[in-house]
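Take a look at the structure below.
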Amino acid sequence: MSLVELIAQADERALAASGLACLDRCVPLLGGDDEVLRPLWGSLADTGDWTEGLEKARAALGSADPGAAVEDQAAHLARRMLDAAPAEYPGAGVRVWADACSVASLQIHRLLDPAADASSVDSRREGSTEGMPPLVAAELRRQVAVLELLTAHGVAGLRGALETSTEGRRVLRAVVSRRARGRG
């Protein structure tokens, strides 16, 4: 099943986890630490107060201060994911946000991948994976994995989704660090 189909069929918790996972993987672009979004993950587990965790995350992440032009654009996309997060979960805007986060995160990975990609992000999300750059391919796999975990296991899939997101965040942090060393 394509990523687009998985998003279309997902429930609100899976959608919120999908959007949050995309944002979580891109936190290195915003200068955030690994725990900044943890309260939001907790809200998904217990359907607690998402709003308070979101406000704290926004305050902690402040404004982006990226270096080079590519990182500027990537950080801008990550910032838009955070700014567009719906104020309430569950809520009406979760599906739109999750879909937008999916696109933004794939675009971020595409910007940071040194390999060229002639295909559109939309075609990647619809299942066209031939010739996909490695960083983009890994991000697509992570997005699919998160949705499959939540769809198959419900709240019990959150731990696996968080682990998948943590792995992706480490990869992106390494890419950003390597680029910074290359500029220095």
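Residues in the sequence shown are numbered from 4 upward in steps of one, following the numbering used here.
For each residue, glycine too, the CB sits at the ideal point set by N, CA and C.
None of these values were measured; they are calculated from a predicted model.
- Residue environment analysis places Ala118 among the exposed positions, since fewer than 16 neighbouring C-beta atoms fall within 10 angstroms of its C-beta.
- Between Arg172 and Asp27, the CB-CB gap stays under 8 Å.
- If you draw a straight line from the Cα of His112 to the Cα of Val139, it is about 5 Å long.
- Shown here, Glu55 sits in a helix according to DSSP, grouped into three states.
- A Cβ-Cβ contact shorter than 8 Å links Ala81 with Cys29.
- If you check the CB distance, Ala24 and Val106 do not come in under 8 Å.
- About 7 Å separates the Cβ atoms of Val179 and Leu32, confirming a contact at the 8 Å cut-off.
- In this structure, the alpha-carbon of Asp36 lies about 11 Å from that of Thr169.
- The three-state secondary structure of Asp75, taken from DSSP, is helix.
- Non-local beta-carbon contacts of Val97 in its own chain, meaning distances under 6 Å to residues more than five positions away in sequence, involve Glu15, Leu18, Ala19, Pro89 in chain order.
- When the beta-carbon positions are compared, Glu91 and Thr54 come within less than 8 Å of each other.
- Around the beta-carbon of Gln146, 16 or more other beta-carbon atoms lie within 10 Å, marking it buried.
- Sixteen is the threshold: since fewer than 16 other Cβ atoms of the shown chains lie within 10 Å of the Cβ of Gly134, the residue is exposed.
- For Glu142, the number of other beta carbons within 10 angstroms of its own is at least 16, and it is reported as buried.
- With respect to Arg128, Val39 sits apart: the two C-beta atoms are not nearer than 8 Å.
- One alpha carbon belongs to Pro93, the other to Val174, and they sit about 30 Å apart.
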